[in-house]
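Asks: Right, I'll just put the structure down here and ask away after.
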Amino acid sequence: MFTSELFEFKQTDFVKESQQLNLHYKQGQYTFCETLTFEHDSLQIDETQPEISNAIKYLHLAAGVSYFKLQPFSQIKMAQTTLNTAQAHFFKKLYINGLAEFAYRNQIDIREACEFPSSDVTQTPLVKATESQEQHALVLIGGGKDSLVSIEALKKSGKKVTLFAVNPAEPILNCVKQSGLPFVSVKRTLDPQLFKLNEAGGLNGHVPITAIISFTALIVAQALGCDAIITSNEASANEATVVKNGVEINHQYSKSYEFEKDFTAFVQKFVHPNLAYFSLLRPFTEMRIVQEFAQFSHYDAVFTSCNKAFKIYHQKSQTRWCLACPKCHFVHLMFAVSGMDEARLKSIFNGNPLNQIEHLQAYRELVGLTENKPWECVGEKLESATAIYMLSQQKITQDYAVIKQLSQAVIQAYGADVLQSASTDLLKARSLHYIPEQYRGCFADV
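Residue numbering for the sequence shown follows full-length UniProt numbering, starting at 1 and increasing by one per position.
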């Protein structure tokens with residue numbers, strides 16, 4: 001078992017010639033170096049610019065979570081960075097909530113351990129906030145339906161957009177090509193020792209990857225002169241995966257509105273006051289997002305939401321949809337209930353998991369008939385339950401094996417009236433979002 005009493009954030013260094021950022025850490029006797037290479041000829045990172053220097057410093061802290069979790073009871077020490085109380089609180093909250101699933105599944109309590117040292121340091125003044133700035137959005141693209149809906153809405157609204165991804169897999173690159181938009185990528189390489197120590201017994205589990213990507217985007221957005229970083233995190237990212245002893249544990253914490261709000265406040269107070277960070281799809285459920293996606297078809301042959309196509313360390317899937325994981329089950333379910341014609345559904349998924357009864361337990365988790373939802377980026381339990389109910393009311397889908405087996409249990413759990421109302425309510429825009437005025441109007445009801 002890996003043991004350590006001290007976790008140190010060592011130095012960062014930037015190699016201008018290769019545009020490579022090196023992040024150094026030390027955990028016990030082991031030293032780690034994570035690298036990020038900014039892969040775009042026209043993108044020049046000026047690490048001496050105070051705002052970019054700050055972004056690098058904070059990315060160093062966010063990315064350290066991958067190594068800290070090897071032994072998350074180590075005392076945190078910082079060699080170069082000094083945080084004030086508010087900054088330390090932000091990172092403590094990010095580590096506690098971002099590692100909540102990791103802690104729950106490893107049956108440990110890390111809440112007392114994620115203590116970032118702080119002092120009453122004087123903050124370097126930021127650049128002055130300006131009232132007008134060119135609208136140029138850096139949009140995170142993940143290769144799935146959500147970011148594609150954001151991209152098409154922004155294009156239709158005439159917004160200037162540059163796409164961004166970290167370690168883009170083939171589905172992302174294919175979606176970028178279909179979009180016709182400029183693209184910047186960063187190659188992130190974790191220290192290979194991390195995987196070896198995991199295999200030797202070091203603690204492992206989910207980290208708040210969206211937070212790490214967002215801090216990386218912060219560097220790129222400033223280098224490009226962007227006024228906004230746009231994600232495509234939907235309303236359902238706010239729902240806890242499980243609630244244990246009154247504590248919410250959310251697989252999607254760093255995609256949640258709570259993180260978005262905290263990150264926005266942090267960036268505008270400590271990095272750049274003119275840079276917005278928000279999700280364009282926060283007002284929408286997954287069910288509504290699929291309705292939006294159904295209005296265009298030029299990504300049908302290239303997009304995927306199956307996580308097996310995006311593995312970092314283990315073998316990537318050779319197919320776009322495995323149709324055996326909770327993510328595939330959920331996304332297919334949303335498409336199945338969207339009213340999309342059978343031929344298009346078949347061309348996208350090349351199969352129908354709703355007709356495979358061996359997946360029944362996975363669907364029970366999706367609809368909320370078990371203690372927790374799947375540990376995946378899936379929608380609200382009510383969304384899945386409503387979709388099952390709606391499909392049970394349609395002649396063409398009511399005899400699918402999973403629908404036939406599950407529909408009565410769903411009706412019993414929620415009530416037919418609730419599910420019927422939800423079938424329309426879930427398509428309406430919600431008011432909880434952080435979309436600034438200049439980016440509203442991309443959708444008619446936002």
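Think of the CB as a built atom: it goes at the ideal place given N, C-alpha and C, for glycine as much as any other residue.
Measure the C-alpha to C-alpha separation of L61 and I396 and round it to an integer number of angstroms.
Replies: 52 Å
Asks: With distances taken from CA atoms, which of Q27, L6, N54, Q29 is nearest D13?
Replies: It is N54 whose Cα lies nearest to the Cα of D13.
Asks: Scan the segment 159 to 243 and note each continuous alpha helix (DSSP H) run of 4 residues or more that stays entirely inside, going in chain order.
Replies: 170 to 179, 192 to 199, 209 to 224
Asks: Give me the Cα-Cα distance between K196 and L203, rounded to the nearest whole angstrom.
Replies: 11 Å
Asks: Which partner residues does residue 493 have in the DSSP bridge list?
Replies: Nothing about residue 493 can be reported from this structure: the residues present for the chain run from 1 to 446 only.
Asks: List the residues that DSSP assigns as beta-bridge partners of M78.
Replies: The partner list for M78 (beta bridge, DSSP) reads F9.
Asks: With DSSP as the reference, label S254 as helix, strand or coil.
Replies: helix
Asks: Using C-beta distances below 8 Å, list every residue in its chain close to A413, excluding the 5 sequence neighbours before and after it, in chain order.
Replies: Annotation for A413: V367, G368, L369, A385 place their beta carbon closer than 8 Å to its own, counting only its chain and skipping 5 residues before and after.
Asks: Would the beta-carbon of P283 fall within 8 Å of that of V176?
Replies: no
Asks: Look at the Cβ atom of S236, then the Cβ atom of E380, and state whether they are nearer than 8 Å.
Replies: yes
Asks: If you pair each beta-carbon of the segment 75 to 94 with each one of the segment 216 to 226, do three or more pairs fall below 8 Å?
Replies: Flag = no, the segment 75 to 94 and the segment 216 to 226 do not touch.
Asks: Between N350 and E234, what straight-line distance do the alpha-carbon atoms span, to the nearest angstrom?
Replies: Roughly 26 Å between the two C-alpha positions.
Asks: Along the chain, where does the beta strand (DSSP E) that runs through C33 open and close?
Replies: 30 to 39
Asks: Check H272 in the structure and name its three-state DSSP category.
Replies: coil
Asks: Could you tell me if G143 is buried or exposed, where buried requires 16 or more neighbouring beta carbons within 10 angstroms of its beta carbon?
Replies: buried
Asks: Cα separation between D146 and H298?
Replies: 14 Å
Asks: In or out: A88 buried (at least 16 other Cβ within 10 Å) or exposed?
Replies: buried
Asks: Once DSSP output is grouped into helix, strand and coil, what is the label at L21?
Replies: strand
Asks: What do you reckon, are the CB atoms on T189 and E34 nearer than 8 Å?
Replies: yes
Asks: Look at E376 and L426 and say whether their C-beta atoms are less than 8 Å apart.
Replies: no
Asks: Closest to H40 by C-alpha separation, out of F90, K187, E8, would be which residue?
Replies: K187
Asks: So, is P353 buried or exposed, given that buried needs 16 or more other C-beta atoms within 10 angstroms?
Replies: buried
Asks: On the DSSP bridge assignment, give the partners of Q27 in chain order.
Replies: F7, Y30
Asks: May I ask you to verify whether the segment 167 to 183 touches the segment 43 to 52, counting CB pairs closer than 8 Å and requiring at least 3?
Replies: no
Asks: Short of 8 Å in beta carbon distance, which residues of its chain neighbour T264, apart from the five on each side in sequence? Order them along the chain.
Replies: Around T264: A276, Y277, F278, Y434.
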